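What follows is a short report on a single structure.
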Amino acid sequence: MKTILGLIAAGAIALAGCSAHRPAAAAREEAAQGQGRGDLIAVEPLGSFDQAHLQQIASEFPGGIAVAGGAKLYRIVYWTRSQGRPTRASGLWSVPERGAAPKGTVMYLHGTQMTRASSPSLPDRVDGNEETAVFAGNGFEVVLPDYIGLGVSTCPQAYVIVAAQVDASIDLLRALRSARARLRRSGSPSLYLMGFSQGGQSVAGLHRALEREPLPGYRLHGSVGIAGPYDLHALMLRKISPAHASAANNAGYFAFIANAYSIYYGHPLDEMLTREYADAVPALFDGTKAPEQVVPALPTDARRLFRPQFLRAFEAGDDTWFARALDENQTYAWTPAAPFRIYYGEADTDVLPESARAFYDYAKPRGGNLSLHPLGAVDHWNSAALSYAPTLAWFEELSAAK
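Using my numbering, the letters of the sequence shown correspond one by one to residues -13 to 388.
Take a look at the structure:
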C-alpha cells in the first residue's frame, strides 16, 4: 500500500527546457512521428499480474473487493504540451486479460509524488498497481498519467497547476486510441474519472474541460474526487494561518507550490521565500530526493518559509501574481453535468474538509450534478483507501446502465 510520505511529499525538477537527453536515433524517430497533441511515441510492455496477485493487492482496501481476473501493464509514451510547447509525457496503461471488450476506461489521477522513480509507469510506482487490481482486475482498462515532470517528462513538475495536468490527461486519452490500434485491442467509449488529493483537484478540472469540449471517441459517465484541494486559494490561506501552519506536511506542500509556481509563472522564488529557503528549495525538490531527505531541511512552521512582506500581502488579500495564479487553478466554481462524487475525510489535515464542502456548496444550488460523501473521522490517506470499494461499485453500476 502507498505510504503517507509518498502521498504527501512534493518535488519539482528545475531544468532548462523540457527536452529529454535521448539518443540521436530515437530523437529522429520521434521527429518523424510528429509532435501533435496525443501523438503516440511508444507502447512498452511492463509485464502482467495474475488474478491471485491482484486479489492480494485489492484485499488491502476495506470493503471486500473481489478481483475477477489478471491484467497486462504497458507504458504509453506520447506528445503533449507544457506552456504551449511540445513535450514528451508518459503514463501507465493496464488492460484486462484478453476476453470480452472492456467495460470502459478508468482514468486515475494520482496524488502528490516526490520522485520520478515513483511515477505510475515506472517499476517503483506508488500508484498504479492498486488501480490495476481494483478496476483492470474487474474488466475496465485503466490509464494513469505520470504528470508533467514525472515519468519520461523532463519539465519541472507542474504541481497543482490544472491546465498542465488536464492537457497531459486528455493527450494520454488521445494516445490511448492509437495504442489500442497498435496492439489490436478493442476499447470502449465509456470514460470514468477518479482522483486523489492533487489528483482530485485535477479530476475536477478534467471533468470540467471534457464537458466544455468533449473528446471524440469518449463519453464521460461519472467522476470521483477524493480529498481534492478544489478551493486552492482559500485552502492555502487556511493552511498558512497560525492555527494550521505547523501541521504535519504543511511546509512541504508550501515549498513545493512555491517552487512549481515560480517556475511555471516566471517569478523569482525569492519574491516569496526567505533567502535561506529560496536558495535551498530548488535542490531539495529536484525530483531525486526522498521525503526523509527533504523534511528535515524545512521548518516545522510553514510560515517561516516566507518573506514577512509576502506573507502579509497574501493574508491581506492583496492582488499579487501568486494570488492570481491560485485563483486560476481553482476547480470548485463550476457545475458538472455528468455525475461527480466528492469523497473526503472529516479528520483530514492535509486537505481540509472545507475544500470538499466549498465545491458542493457552490455547484449544488446552481444545478450541479454532484453529491457529497463524508467518510467519517479519517485522515488524508484513509479517505483514499475507503473510496476504492464504493467507487468500483458505482462505476460498475454506471457501466451496466449505459
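Idealized CB from N, CA, C, for every residue including glycine.
It should be emphasised that the depicted structure is a prediction, and the values quoted were computed from it without experimental measurement.
*Go ahead and pull the three-state DSSP assignment for Ala370.*
Stepping through the sequence shown from its first residue, residue 370 is reached at position 384. In this structure, Ala370 counts as helix in the three-state DSSP scheme.
*Compare the beta carbon distance of Tyr250 and Leu291 with 8 Å and say whether it is the shorter of the two.*
Translated into positions along the sequence shown, residue 250 becomes position 264. Translated into positions along the sequence shown, residue 291 becomes position 305. The answer is no: Cβ separation not under 8 Å.
*Pair within 8 Å by beta-carbon distance, Phe271 and Phe296*: Here residue 271 refers to the residue found at position 285 when the sequence shown is read from its first residue. Here residue 296 refers to the residue found at position 310 when the sequence shown is read from its first residue. Going by C-beta atoms, Phe271 is not nearer than 8 Å to Phe296.
_Helix, strand or coil at Ala213 [DSSP, three-state]_ = Walking along the sequence shown from the start, residue 213 turns up at place 227. In this structure, Ala213 counts as coil in the three-state DSSP scheme.
*Tell whether a beta-carbon distance below 8 Å holds between Leu59 and Arg224.*
Locating residue 59 in the sequence shown gives position 73, where the first residue counts as 1. Locating residue 224 in the sequence shown gives position 238, where the first residue counts as 1. Going by C-beta atoms, Leu59 is not nearer than 8 Å to Arg224.
*For Lys58, which beta-bridge partners are listed by DSSP?*
Taking the sequence shown and counting its residues from 1, one reaches residue 58 at position 72. Note: Lys58 sits in a beta bridge opposite Ser34 and Val81.
_For His207, the three-state DSSP class (helix, strand or coil)_ = As a position in the sequence shown, residue 207 is number 221, starting the count at 1. In the structure shown, His207 sits in a strand (DSSP, three-state: E or B).
*Output the distance between the C-alpha atoms of Ala234 and Asp336, rounded to the nearest integer angstrom.*
By 1-based counting over the sequence shown, the position of residue 234 is 248. By 1-based counting over the sequence shown, the position of residue 336 is 350. Whole-angstrom Cα-Cα distance: 8 Å.
*Could you tell me whether the stretch 81 to 92 touches the stretch 142 to 153, where touching means 3 or more Cβ pairs closer than 8 Å?*
no
*Mind checking if Thr377 is an interface residue toward chain B, Cβ cutoff 8 Å exclusive?*
This model lacks chain B altogether; it includes just one protein chain.
_DSSP three-state label for Gly191, please._
Looking up residue 191 in the sequence shown gives position 205. Gly191: helix per DSSP, three-state reduction.
*Note down, in chain order, each residue of its chain lying with its Cβ closer than 6 Å to the Cβ of Val267, except the 5 sequence neighbours on either side.*
As a position in the sequence shown, residue 267 is number 281, starting the count at 1. Within the same chain, Val267 has close Cβ partners Ala241 and Asn245.
*Member of Ala44, Gly362, Arg160 and Leu196 whose CA lies at the smallest distance from the CA of Tyr329*: Here residue 329 corresponds to residue number 343 of the sequence shown, with the count starting at 1. Of Ala44, Gly362, Arg160 and Leu196, the residue nearest in Cα terms is Gly362.
*Check whether the stretch 312 to 330 touches the stretch 206 to 217, taking contact to mean three or more Cβ pairs, one atom from each stretch, closer than 8 Å.*
The stretch 312 to 330 vs the stretch 206 to 217: in contact.
*Could I get the ranges of all uninterrupted alpha helix (DSSP H) runs contained in the stretch 216 to 276, with 4 residues as the minimum, in chain order?*
218 to 226, 236 to 251 and 261 to 270
*Straight-line CA distance for Glu340 to Ile147?*
If you number the sequence shown from 1, residue 340 lands on position 354. If you number the sequence shown from 1, residue 147 lands on position 161. Distance between the alpha carbons of Glu340 and Ile147 is about 20 Å.
*In this structure, what does DSSP give as the bridge partners for Met93?*
Taking the first residue of the sequence shown as position 1, residue 93 is located at position 107. DSSP output for Met93 lists Val129 and Leu179 as bridge partner(s).
_Reduced DSSP secondary structure (H/G/I, E/B, other) of Val63_ = The residue labelled residue 63 in the question sits at position 77 within the sequence shown. Reduced to three states, the DSSP call for Val63 is strand.
*Enumerate in chain order the residues of its own chain whose CB-to-CB distance from Ser357 is below 6 Å, with the five nearest sequence positions on each side excluded.*
Translated into the one-based positions of the sequence shown, residue 357 becomes position 371. Around Ser357: Arg327.
*In three-state DSSP terms, what is Thr98?*
Indexing the sequence shown from 1 puts residue 98 at position 112. Three-state result, Thr98: coil.
*Return the CA-CA distance between Thr118 and Leu159, expressed in angstroms with no decimal places.*
One-based indexing of the sequence shown puts residue 118 at position 132. One-based indexing of the sequence shown puts residue 159 at position 173. Cα to Cα, the separation comes out at about 17 Å.
_Can you check which of these residues, Tyr64, Thr66 and Val129, is closest to Tyr94 by C-alpha distance?_
One-based indexing of the sequence shown puts residue 94 at position 108. Comparing Cα positions, the closest option is Val129.
*To which residues of the same chain is Val280 closer than 6 Å at the C-beta, ignoring the five residues directly before and after it?*
Along the sequence shown, read from residue 1 onward, the residue named residue 280 stands at position 294. Around Val280: Leu270.
*Return the first residue and the last residue of the alpha helix (DSSP H) that Ser341 is part of.*
Residue mapping note: residue 341 aligns to position 355 of the sequence shown, counting from 1. Element bounds for Ser341: Glu340 to Ala349.
_My output table needs one value for Thr118: the three-state DSSP class, helix, strand or coil._
As a position in the sequence shown, residue 118 is number 132, starting the count at 1. Helix.
*asked:* Applying the 10 Å Cβ sphere with the 16-neighbour rule, what's the burial state of Ala387?
replied: Stepping through the sequence shown from its first residue, residue 387 is reached at position 401. With fewer than 16 other Cβ atoms within 10 Å, it is exposed.
*For Asp132 versus Tyr64, is the C-beta distance shorter than 8 Å?*
Here residue 132 refers to the residue found at position 146 when the sequence shown is read from its first residue. Here residue 64 refers to the residue found at position 78 when the sequence shown is read from its first residue. Going by C-beta atoms, Asp132 is not nearer than 8 Å to Tyr64.
*If we ignore side chains and look at the alpha-carbon of each, how far apart do Leu255 and Ser248 end up?*
Taking the sequence shown and counting its residues from 1, the one referred to as residue 255 is at position 269. Taking the sequence shown and counting its residues from 1, the one referred to as residue 248 is at position 262. Spanning the two alpha carbons is a distance of roughly 6 Å.
_Environment of Pro215 [buried if 16+ CB atoms lie within 10 Å]_ = Locating residue 215 in the sequence shown gives position 229, where the first residue counts as 1. It counts as buried.
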